[in-house]
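Undergrad: Just passing along the structure, written as structure tokens.
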Amino acid sequence: MSTTLFDLSGRTALVTGSSRGLGQAIARGLADAGASLVVNGTDAARVGAAAKALRESGHVVHEATFDVTDEAAVLRAFERLDAAGVEIDILVNNAGIQLRKPLVDVSADDWNKVINTNLTSAFLVGREAARRMIARQRGGKIINIGSVTSELARATVAPYTTAKGGIKMLTRAMAAEWAEHDIQVNAIGPGYMLTEMNRALLDNPSFDAWVKGRTPARRWGRPDELIGTAVYLASAASGYVNGQMIYVDGGMLSVL
Ligand code: NDP
Numbered sequence: 608m609s610t611t612l613f614d615l616s617g618r619t620a621l622v623t624g625s626s627r628g629l630g631q632a633i634a635r636g637l638a639d640a641g642a643s644l645v646v647n648g649t650d651a652a653r654v655g656a657a658a659k660a661l662r663e664s665g666h667v668v669h670e671a672t673f674d675v676t677d678e679a680a681v682l683r684a685f686e687r688l689d690a691a692g693v694e695i696d697i698l699v700n701n702a703g704i705q706l707r708k709p710l711v712d713v714s715a716d717d718w719n720k721v722i723n724t725n726l727t728s729a730f731l732v733g734r735e736a737a738r739r740m741i742a743r744q745r746g747g748k749i750i751n752i753g754s755v756t757s758e759l760a761r762a763t764v765a766p767y768t769t770a771k772g773g774i775k776m777l778t779r780a781m782a783a784e785w786a787e788h789d790i791q792v793n794a795i796g797p798g799y800m801l802t803e804m805n806r807a808l809l810d811n812p813s814f815d816a817w818v819k820g821r822t823p824a825r826r827w828g829r830p831d832e833l834i835g836t837a838v839y840l841a842s843a844a845s846g847y848v849n850g851q852m853i854y855v856d857g858g859m860l861s862v863l
């Protein structure tokens, strides 16, 4: 089979939260498919280390350290990219945080932080990327990272679940407005994956057993298992796919 449909040569991808975890794996996958990368996070040292590792594999990498929840910082970051001649063809809205607390103990600040980081960020960064894609008139790709909690609630993660449910509808809302500009907006919903975000859960034998029992694949997902779906949604292969959410969850959402 020809892989031309999945070739990302000549494209530039911004992956938010790509200094580690799932974002880092997705960034590497897009780079291996031919894309130049813009690596992001809030910690400049971590961003620098992730960028260095990609460069050592021969990839072209820019660094953009900014907080995706800070509108002024997002605008400044895009202005710096504009000034450097870096045009984003592919945006992956991946940055996110978790907070585990009973809902009755969640403060308004807790709530706002989780919603801002997991949902409002995708609007802020997506808007800046789309403004430029529309003006350039050569289309683009936006991939929002949801979760199985885009569909399922779970005790102690209410703000996160609310944000990830919002990601599903934001993906459709973006597609509704931007598909006519040849911008395909879709989402990926990972199941339980092996990353730092889940360190406490992984180290908890009863939670680990619950994940393995609840997931038909009987194991946690590996970050690199998101790459195929990300490359597909970032490439010409998904040219008429709009507003969809693809779950990469070992079958979790298919069973009770
Ligand atoms: P990690 O905690 O491992 O990594 C989070 C990344 O986001 C880091 O690069 C971090 O960089 C960055 N980040 C966090 N806050 C901000 C911010 N305000 N501005 C810019 N960057 C930020 O998380 P995961 O890799 O596990 O998760 C990535 C995404 O996947 C999230 O959206 C998460 O909800 C989602 N997801 C994860 C699942 C899992 O099982 N791990 C399952 C389903 C969805 P820095 O430290 O420099 O700020």
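Just so it is clear: in the sequence shown, position 78 is 685 by our numbering, and no numbers are missing. For glycine and all other residues, C-beta sits at the position ideal for the given N, C-alpha and C.
What do you reckon, are the CB atoms on I704 and T724 nearer than 8 Å?
TA: As a first step, residue 704 must be located in the sequence shown, where it is residue number 97. As a first step, residue 724 must be located in the sequence shown, where it is residue number 117. Going by beta carbons, I704 and T724 fall inside the 8 Å limit.
Undergrad: Does T611 come out as helix, strand or coil in the three-state DSSP assignment?
TA: As a first step, residue 611 must be located in the sequence shown, where it is residue number 4. Residue state, collapsed to three classes: helix.
Undergrad: Any contact of the region 749-769 with the region 806-819, i.e. 3+ C-beta pairs under 8 Å?
TA: With a cut-off of 8 Å, the region 806-819 and the region 749-769 do not count as touching, because too few Cβ pairs lie within range.
Undergrad: Look up K819 in the DSSP assignment and say whether it is helix, strand or coil.
TA: Here residue 819 refers to the residue found at position 212 when the sequence shown is read from its first residue. Of the three classes helix, strand and coil, the one that applies to K819 here is helix, per DSSP.
Undergrad: The ligand NDP and L629: does the residue's C-beta get closer than 7 Å to at least one heavy atom of that ligand?
TA: Position 22 of the sequence shown, counting from 1, holds the residue named residue 629. Yes.
Undergrad: Looking at K748 and D696, is the spacing between their C-beta atoms short of 8 Å?
TA: Residue mapping note: residue 696 aligns to position 89 of the sequence shown, counting from 1. Residue mapping note: residue 748 aligns to position 141 of the sequence shown, counting from 1. Yes, Cβ-Cβ distance for D696 and K748 is below 8 Å.
Undergrad: Does any heavy atom of the ligand NDP sit closer than 7 Å to the C-beta of R683?
TA: Working through the sequence shown from its first residue, we reach residue 683 at position 76. False, no ligand heavy atom lies under 7 Å from that Cβ.
Undergrad: With 16 as the cutoff for other CB atoms within 10 Å, does E735 come out buried or exposed?
TA: Working through the sequence shown from its first residue, we reach residue 735 at position 128. Buried: at least 16 other Cβ atoms inside 10 Å.
Undergrad: Would you say the beta carbon of G703 comes nearer than 7 Å to a heavy atom of the ligand NDP?
TA: For the purposes of this step, residue 703 is taken as residue 96 along the sequence shown, with counting starting at 1. G703 Cβ: within cutoff of the ligand NDP.
Undergrad: Does the region 653-671 come within contact of the region 853-862, defined as at least 3 CB pairs closer than 8 Å?
TA: Under the three-pair Cβ rule at 8 Å, the region 653-671 does not count as touching the region 853-862.
Undergrad: Which residue wins for smallest C-alpha separation from Q631, given the options S845, M804, A841, V646?
TA: Sequence index remark: in the sequence shown, residue 631 carries index 24 (1-based). Nearest C-alpha to Q631: V646.
Undergrad: How close, in whole Å, do the beta carbons of L706 and Y767 come, if the pair is a contact with beta carbons under 8 Å?
TA: Within the sequence shown, residue 706 is the residue found at index 99, counting from 1. Within the sequence shown, residue 767 is the residue found at index 160, counting from 1. Right, their Cβ atoms sit about 7 Å apart.
Undergrad: Report yes if the CB atom of I834 is closer than 8 Å to the CB atom of T769, and no otherwise.
TA: Within the sequence shown, residue 834 is the residue found at index 227, counting from 1. Within the sequence shown, residue 769 is the residue found at index 162, counting from 1. Against a cut-off of 8 Å, the Cβ pair of T769 and I834 comes out as no contact.
Undergrad: If you run the structure through DSSP and keep just helix, strand and coil, what is V721?
TA: Residue 721 sits at position 114 when you count from the first residue of the sequence shown. Residue state, collapsed to three classes: helix.
Undergrad: Note down the Cα distance separating M608 from M776, rounded to an integer number of angstroms.
TA: For the purposes of this step, residue 608 is taken as the residue at position 1 of the sequence shown. For the purposes of this step, residue 776 is taken as the residue at position 169 of the sequence shown. Any reading at M608 needs caution, since the residue's pLDDT is 47, under 50, leaving its predicted position unreliable; the model's value is listed next. Their Cα atoms are separated by approximately 34 Å.
Undergrad: Could you pull out every residue in the same chain whose Cβ sits closer than 8 Å to the Cβ of P709, ignoring the five residues on either side in sequence?
TA: Here residue 709 is taken as the residue at index 102 of the sequence shown, counted from 1. The residues are A762, T763.
Undergrad: As an exercise, report each continuous beta strand (DSSP E) stretch of at least 3 residues that is fully enclosed by the region 720-782, in chain order.
TA: 747-752
Undergrad: Using the beta-carbon count (16 or more within 10 Å), is Q744 buried or exposed?
TA: Start at 1 with the first residue of the sequence shown, and residue 744 comes out as number 137. It is exposed - the Cβ of Q744 has fewer than 16 other Cβ atoms within 10 Å.
Undergrad: Taking the C-alpha atoms as reference points, what is the distance between I750 and R779?
TA: On the sequence shown, residue 750 is found 143 positions in, with the first residue counted as 1. On the sequence shown, residue 779 is found 172 positions in, with the first residue counted as 1. So the alpha carbons of these two residues sit roughly 11 Å apart.
Undergrad: Check for me: the beta strand (DSSP E) holding I790 runs from which residue to which?
TA: Residue mapping note: residue 790 aligns to position 183 of the sequence shown, counting from 1. Note, I790: beta strand (DSSP E), 790-797.
Undergrad: Closest to I805 by CA distance: which of G828, N719, T611, M740 is it?
TA: Reading the sequence shown from its first residue, position 198 is the one you call residue 805. In the sequence on display, residue 805 carries Asn and not Ile. The option with the nearest alpha carbon to N805 is G828.
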